[in-house]
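In this note's numbering, the protein residues as written are 12 to 115. Structure first, then comments.
Structure, rendered in structure tokens:
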């Protein structure tokens, strides 16, 4: 009797358990409507907190809390220029946002 191969694959390539868990963490971090809006804004451009606030229509403290979560989970990168902090979507998470293309 032939032994079954129960490995998880994606397009024929084996997927490691660590990779699955990392993707789950990213999906969880992105699974809030405001965070998804922020990701859409930051896909093609860097923005300051105030610029994000102006686009999403909520308070600066609310946006800052969500940005901190997203940065901690690796969805966003930040850079400081003078006294402003600019946020951008990390390159590795652009594909995650592209998977949401039905939102267009």
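No residue lacks a Cβ here, since even glycine has one placed at the ideal position from N, Cα and C. Computed from a prediction, not measured in an experiment: that's the story for all the values here.
Buried/exposed call for residue 63, threshold 16 Cβ in 10 Å: buried
For residue 55 and residue 48, the rounded distance between their alpha carbons: 13 Å
Flag this pair as touching only if the region 65 to 78 and the region 31 to 45 have three or more C-beta atom pairs under 8 Å; answer yes or no. yes
Enumerate, from N- to C-terminal direction, the unbroken alpha helix (DSSP H) stretches of 4 or more residues contained entirely within the region 34 to 96. 44 to 53, 60 to 67 and 71 to 83
Report the rounded CA-to-CA distance for residue 101 versus residue 88, giving the unit in angstroms. 6 Å
Exposed or buried, residue 41, counting other C-beta atoms within 10 Å across all chains shown (16 or more means buried)? buried
Assumed close pair residue 57, residue 98 - CB separation to whole angstroms, cut-off 8 Å: 7 Å
From 90, 50 and 95, pick the residue whose C-alpha is nearest to that of residue 110; which is it? 50
State the beta-bridge partners of residue 100 as determined by DSSP. 87
Could you give the DSSP three-state label for residue 26: helix, strand or coil? coil
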